[in-house]
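Heads up, the sequence shown is in our numbering, so the first residue is 10 and it goes up one at a time. Beneath this line is the structure, given in structure tokens, with notes to follow.
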Amino acid sequence: MALFEQMRANVGKLLRGIDRYNPENLATLERYVETQAKENAYDLEANLAVLKLYQFNPAFFQTGVTAQILLKALTNLPHTDFTLCKCMIDQAHVSPKTPQFYPKFSLDLPKPQQEERPIRQILYLGELLETCHFQSFWQALDENMELLEGITGFEDSVRK
């Protein structure tokens, strides 16, 4: 927990003022998200700053970091953190790509976005929790335990 507290102080300084949305700070903020996951800690303000930087800089989007942010927000239900985070994610990363029409000669056909699958799964888990389908939530979580890799104390935190 000492590492988290040290990072929290540094990140707190980053989040004040204009540096909050400086893309050069994204690597530090992403490491901070990973530290939160490992040390069972939580900082909504920093996580929202990461998602906002992804909005401003879509090329820097990291599915794994976003998944960790969503999972950490789930542990804080019934507060609105999960909804806040969910609303900051670009729809391109949330809904499956289903093109309506592509000419036969197009070489730019979209490839299935397997990397966004964890985000869709976590959004589904969130929907189950928010609608009080707890048994279905635990069954779905058991089928997708790989989502929790690197997240310490998730199950206990959700039970609280």
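The beta carbon of each residue, even a glycine, is placed where N, CA and C say it ideally should be.
Element boundaries [alpha helix (DSSP H), containing residue i]
{"i": "N19", "result": "11 to 23"}
{"i": "K95", "result": "90 to 96"}
{"i": "E139", "result": "126 to 139"}
Where residue i falls, given that 16 or more other Cβ within 10 Å makes a residue buried
{"i": "Q77", "result": "buried"}
{"i": "M154", "result": "exposed"}
CB of residue i within 8 Å of CB of residue j, strictly
{"i": "V59", "j": "E39", "result": "yes"}
{"i": "L156", "j": "L80", "result": "yes"}
{"i": "F191", "j": "A101", "result": "Past the boundaries of the shown model lies residue 191; the chain is included only from 10 to 169, so the question cannot be answered."}
{"i": "R129", "j": "V167", "result": "no"}
{"i": "L35", "j": "L53", "result": "no"}
Through-space distance from residue j to residue i, alpha-carbon basis
{"i": "K120", "j": "N56", "result": "The pLDDT assigned to K120 is 43, lower than 50, so where the model puts this residue is not dependable, and the model offers no usable value."}
{"i": "Y51", "j": "G135", "result": "17 Å"}
{"i": "P127", "j": "G26", "result": "33 Å"}
{"i": "F65", "j": "M97", "result": "11 Å"}
{"i": "Y30", "j": "E164", "result": "32 Å"}
{"i": "N49", "j": "Q71", "result": "20 Å"}
{"i": "E33", "j": "L24", "result": "13 Å"}
Completely contained beta strand (DSSP E) runs for the region 17 to 81, where each covers 3 or more residues: none
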